[in-house]
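Be aware that the sequence shown starts at 343, since it is given in the numbering used here, and climbs by one per residue.
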Amino acid sequence: MDAIELLKQQHREVEELFEKFEKAGEGKPEVLMDLAARIADNLAAHATIEEKLFYPSVYVGPTMEKLQHAVEEHLSAKRVIADLLEMDPADAQFKAKVMVLQELIEHHVKEEEKELFPKVKKLMTKEELAVIGEQMEVMFSELIQSEPRMQVPLETDEAAPLP
């Protein structure tokens, strides 16, 4: 699958998880915790494949500034995820914290899809995007099986390095 299409698909999947969390509303704490964990796992794995494979592959000229901004946004999201991992879902602030995470992610997704991805499409061939996409799919599949959210607290000191 094309790298950009894979990322967009993952964006939609996380949006669906946020919707499920909203609909769960005053649900049981364990349901809220399960959904928050699924959101955190998906975001952690997604950020990892972007930071380790996609961003380094497209870190040239017109995208450099956007990517520097993107890794800072990832850092903000990771800090919120790290906070959530330490919270009890019955805590009054838990849902508020998930909503803040959702807002951060919606903003990040909008910028990627409207600004970064069109630039990347001009820089790379379909074949290059397909090769990166395959690598990203493999890495994501491996990561998602290992509770990637548990790595997040170790990644909150500074933004991921870019080439």
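C-beta atoms are modelled at their ideal positions from N, C-alpha and C, and glycine is treated no differently. Given the structure is predicted, the values throughout are model-derived calculations rather than measurements.
Given a threshold of 16 other Cβ atoms within 10 Å of its Cβ, counted over all protein chains shown, does residue i qualify as buried or as exposed?
{"i": "His-449", "result": "exposed"}
{"i": "Thr-390", "result": "buried"}
{"i": "Asp-430", "result": "exposed"}
{"i": "Lys-420", "result": "buried"}
{"i": "Leu-496", "result": "exposed"}
{"i": "Thr-467", "result": "exposed"}
{"i": "Asp-499", "result": "exposed"}
{"i": "Ser-399", "result": "buried"}
{"i": "Asp-433", "result": "exposed"}
{"i": "Ala-438", "result": "exposed"}
{"i": "Val-402", "result": "exposed"}
{"i": "Leu-426", "result": "buried"}
{"i": "Glu-454", "result": "buried"}
{"i": "Gln-410", "result": "exposed"}
With residue i as the anchor, note down where its alpha helix (DSSP H) starts and where it stops.
{"i": "Asp-383", "result": "371-391"}
{"i": "Phe-360", "result": "345-366"}
Considering only C-alpha positions, which residue in the set the options is nearest to residue i?
{"i": "Leu-446", "options": "Glu-414, Pro-431 and Pro-503", "result": "Glu-414"}
{"i": "Arg-491", "options": "Gly-369, Val-402 and Val-422", "result": "Val-422"}
{"i": "Glu-364", "options": "Glu-347, Ala-502, Ala-419 and Leu-377", "result": "Leu-377"}
{"i": "His-442", "options": "Ala-424, Glu-454 and Glu-455", "result": "Residue identity check: residue 442 is Val in the sequence provided, not His. Answer by Cα proximity: Ala-424."}
{"i": "Glu-347", "options": "Val-373, Ala-502, Ala-501 and Glu-479", "result": "Glu-479"}
{"i": "Gln-487", "options": "Leu-427, Pro-371 and Ala-386", "result": "Ala-386"}
{"i": "Met-481", "options": "Ala-502, Lys-370, Glu-393 and Gln-410", "result": "Glu-393"}
{"i": "Ser-418", "options": "Leu-359, Gly-367, Tyr-397 and Val-440", "result": "Val-440"}
{"i": "Glu-529", "options": "Ala-379, Phe-436 and Ala-502", "result": "Nothing about residue 529 can be read from this structure; the chain reaches only from 343 to 505."}
Chain D beta carbons: is any one of them nearer than 9 Å to that of residue i?
{"i": "Leu-426", "result": "Considering every chain present, this structure includes no chain D. It has just one protein chain."}
*For the region 424-488, list the alpha helix (DSSP H) runs that are entirely contained and at least 4 residues long, ordered along the chain.*
Correct list: 434-453, 459-465 and 468-486.
*For the region 396-428, list the alpha helix (DSSP H) runs that are entirely contained and at least 4 residues long, ordered along the chain.*
Every alpha helix (DSSP H) of 4 residues or more that sits fully in the region 396-428 is shown, in chain order, as 406-427.
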